[in-house]
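First residue of the sequence shown: 5, per our numbering; consecutive thereafter.
Cβ coordinates follow ideal geometry from the N, Cα and C atoms, glycine included.
Read the structure below first, then the notes.
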Amino acid sequence: MLSISEPCTFALFGAMGDLALRKLFPALYQLDRAELLHEHTRLLALAREPGDAAFHLNEIEEHLKEFVPAAQLDEGVLARFKARLDYVHVDFLKADDYTHLAERIGEAATVIAYFATPAAVYGAICENLAQAGLAERTRVVLEKPIGHDLASSRTVNDAVARFFPENRVYRIDHYLGKETVQNLIALRFANSLFETQWNQNYISHVEITVAEKVGIEGRWGYFDKAGQLRDMVQNHLVQLLCLIAMDPPAELSADAIRDEKVKVLKALQPITGEALHSQVVRGQYIAGYSEGRAVPGYLEEENSNPQSDTETFVALRADIRNWRWAGVPFYLRTGKRMPQKLSQIVIHFKEPPHYIFAPEQRMQISNKLIIRLQPDESISLRVMTKEQGLDKGMQLRSGPLQLNFSDAYRSARIPDAYERLLLEVMQGNQNLFVRKDEIEYAWKWCDQLIAGWKKAGDAPKPYAAGSWGPMSSIALITRDGRSWYGDI
Ligand code: BG6
Numbered sequence: 005m006l007s008i009s010e011p012c013t014f015a016l017f018g019a020m021g022d023l024a025l026r027k028l029f030p031a032l033y034q035l036d037r038a039e040l041l042h043e044h045t046r047l048l049a050l051a052r053e054p055g056d057a058a059f060h061l062n063e064i065e066e067h068l069k070e071f072v073p074a075a076q077l078d079e080g081v082l083a084r085f086k087a088r089l090d091y092v093h094v095d096f097l098k099a100d101d102y103t104h105l106a107e108r109i110g111e112a113a114t115v116i117a118y119f120a121t122p123a124a125v126y127g128a129i130c131e132n133l134a135q136a137g138l139a140e141r142t143r144v145v146l147e148k149p150i151g152h153d154l155a156s157s158r159t160v161n162d163a164v165a166r167f168f169p170e171n172r173v174y175r176i177d178h179y180l181g182k183e184t185v186q187n188l189i190a191l192r193f194a195n196s197l198f199e200t201q202w203n204q205n206y207i208s209h210v211e212i213t214v215a216e217k218v219g220i221e222g223r224w225g226y227f228d229k230a231g232q233l234r235d236m237v238q239n240h241l242v243q244l245l246c247l248i249a250m251d252p253p254a255e256l257s258a259d260a261i262r263d264e265k266v267k268v269l270k271a272l273q274p275i276t277g278e279a280l281h282s283q284v285v286r287g288q289y290i291a292g293y294s295e296g297r298a299v300p301g302y303l304e305e306e307n308s309n310p311q312s313d314t315e316t317f318v319a320l321r322a323d324i325r326n327w328r329w330a331g332v333p334f335y336l337r338t339g340k341r342m343p344q345k346l347s348q349i350v351i352h353f354k355e356p357p358h359y360i361f362a363p364e365q366r367m368q369i370s371n372k373l374i375i376r377l378q379p380d381e382s383i384s385l386r387v388m389t390k391e392q393g394l395d396k397g398m399q400l401r402s403g404p405l406q407l408n409f410s411d412a413y414r415s416a417r418i419p420d421a422y423e424r425l426l427l428e429v430m431q432g433n434q435n436l437f438v439r440k441d442e443i444e445y446a447w448k449w450c451d452q453l454i455a456g457w458k459k460a461g462d463a464p465k466p467y468a469a470g471s472w473g474p475m476s477s478i479a480l481i482t483r484d485g486r487s488w489y490g491d492i
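Okay, structure coming up:
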């Protein structure tokens, strides 16, 4: 079993916010339950909300009880967890409050400062931590979004870099903490079978779908300023694309992996001019049905602005300019209010070079590697076999060679992405975090798309809630003689 060698003080800024209450405290609890927190590790909930510590600690406990499955709530673990947790009132912008914070942190050799706050205050928090004499022993963890374009992300990153060197900055993209995403690295680089096929000679195209069933609901104000491209494509989908497309790193170190990802980002073909219309689809959901229930459109959600032209759906074709991927499109698609929650990558292999079976079966002949991130984490390779039976002749069928993680490792609970990421920060391992230049190249690529949209002034295409997006997203892929895998 893994263990944390050194104790740390984990200082969570923005501790009473949604992310902390729904995701971070439950993840810390699960680490404690798995005995992965050092006995001297302490947790400080930092927030500027008025009210006494007991009140806030109680709220944290209430949320734990809501977000940790009942079967995993253990009285003993809960007592241990509460004993290491404290609440400290800190105004993040007030230098004086950090003197008090430093006293509470005391002699801890390692401090982890997790910023679950708007990125606009990251710089000020870093400066205040440094002035309180804490910088030397602190690792900072930055939540997304870091800026809303290249220029603003640089401003944030530069403000942090004034006080913290890159090897103590951990930028979160929670998709990198998902079990199957890490499995993708194992699949690609621990099996020689795939690497020999992993290029334009054998792969025809790649699909990445990240669909969500939920709409925007309570987050309209934040989301409307971002839109689906900034909220999901710039980070999660681009990171998945990099992990599929990168060359094998020389070693499993953070910089070796990130260097390879950056090469992919640099090779992404900018999408401009006419390609903006033929290769990119922006959509916005209108009223429809989700799980048989009528749901409002994006412009009718609570606190919405009915004039908004923010996209809730993006589909695009990305091309990578290098020897490995020339001529292999990567079709990316992500949206809110889709028919189901589904994150999956489909690698479509080319057809055999010479075909000898019945012509009517040709359509289904290519192999597919399907990497399912959620739900039901699995990796399956669809291969062609013959139908069983005397009456079947040489009738082909496409069937899976499957590794279903929840079946294969039935006893093991699949950890939430944040559990893995928090553990990695505590262990000082940056492999699953995003380096400054990765973020910047990703923004550069997205910025030109956004600039093109602005110039064209086109409104997003409507799609009914509960559908797979605008019709033009189907045309985007059928135009190339293909279809989205598994859409029903
Ligand atoms: C976040 C986005 O980064 O990822 C949200 O800001 C989105 O809009 C969420 O809902 C999806 O994460 P997951 O893990 O549920 O797929």
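Taking 8 Å as the line, does the beta carbon of residue i fall inside it for any heavy atom of the ligand BG6?
i: TYR179; result: yes
i: ASP251; result: no
i: HIS240; result: yes
i: VAL285; result: no
i: ALA421; result: yes
i: MET236; result: yes
i: GLU216; result: yes
i: PHE437; result: no
i: ARG417; result: no
i: LYS229; result: no
i: SER347; result: yes
i: LYS440; result: no
i: ARG223; result: yes
i: LYS354; result: no
i: LYS148; result: yes
i: GLN378; result: yes
i: LYS86; result: no
i: LYS459; result: no
i: LYS182; result: yes
In this structure, what does DSSP give as the bridge partners for residue i?
i: ASP90; result: LEU48
i: ILE351; result: VAL210, LEU373
i: SER294; result: ARG297
i: ASP308; result: Contrary to the premise, residue 308 reads as Ser rather than Asp in this sequence. BP columns for SER308 are empty, so no partner.
i: VAL318; result: ARG286, THR338
i: LEU16; result: ALA49, TYR118
i: GLN378; result: SER347
i: ILE324; result: LEU272
If I follow the unbroken beta strand (DSSP E) through residue i, where does it start and stop?
i: LYS390; result: 382–390
i: VAL173; result: 173–175
i: PHE145; result: It should be pointed out that residue 145 corresponds to Val in this sequence rather than to Phe. 142–146 is the extent of the beta strand (DSSP E) around VAL145.
i: GLN406; result: 400–408
How would you write the range of the alpha helix (DSSP H) that residue i sits in, first residue to last?
i: GLN186; result: 183–193
i: SER487; result: Run containing SER487: none; DSSP gives neither H nor E here.
i: THR159; result: 154–165
i: GLY127; result: 126–135
i: ASP100; result: 99–109
i: PHE198; result: 196–199
Considering only heavy atoms of the ligand ADP, does any lie closer than 8 Å to the CB of residue i?
i: LYS98; result: Because the ligand ADP does not appear in the structure shown, any question about it cannot be addressed here, the ligands present being the ligand BG6.
The segment 214–233 contacting the segment 353–362, beta-carbon criterion three pairs below 8 Å: no
At least 3 beta-carbon pairs within less than 8 Å: the segment 458–476 vs the segment 283–303: yes
Runs of alpha helix (DSSP H) wholly within the segment 206–268 (minimum 4 residues, chain order): 224–230, 242–249
Inter-stretch contact (C-beta, 8 Å, three-pair minimum) for the segment 424–441 and the segment 308–318: no
Stretch pair the segment 106–124 + the segment 11–21: three plus CB contacts closer than 8 Å: yes
Sufficient close CB pairs (3 or more, under 8 Å) joining the segment 184–195 to the segment 147–161: The segment 184–195 is not in contact with the segment 147–161.
Segments assigned beta strand (DSSP E), at least 3 residues, entirely inside the segment 431–482: 465–468
Cβ contact (3+ pairs, closer than 8 Å) linking the segment 27–39 and the segment 79–94: Yes, the segment 27–39 is in contact with the segment 79–94.
Cβ pair count under 8 Å reaching 3, the segment 311–331 against the segment 269–276: yes
At least three beta-carbon pairs within less than 8 Å, the segment 328–341 to the segment 369–377: no
Complete alpha helix (DSSP H) runs within the segment 31–83 (minimum length 4 residues, chain order): 57–71
Contact between the segment 94–108 and the segment 44–58 (3+ Cβ pairs under 8 Å): yes
Three-pair Cβ contact test at 8 Å for the segment 342–354 versus the segment 256–269: no
Touch test, the segment 172–179 against the segment 143–154, Cβ-Cβ under 8 Å, three pairs minimum: yes
At least 3 beta-carbon pairs within less than 8 Å: the segment 204–223 vs the segment 294–305: yes
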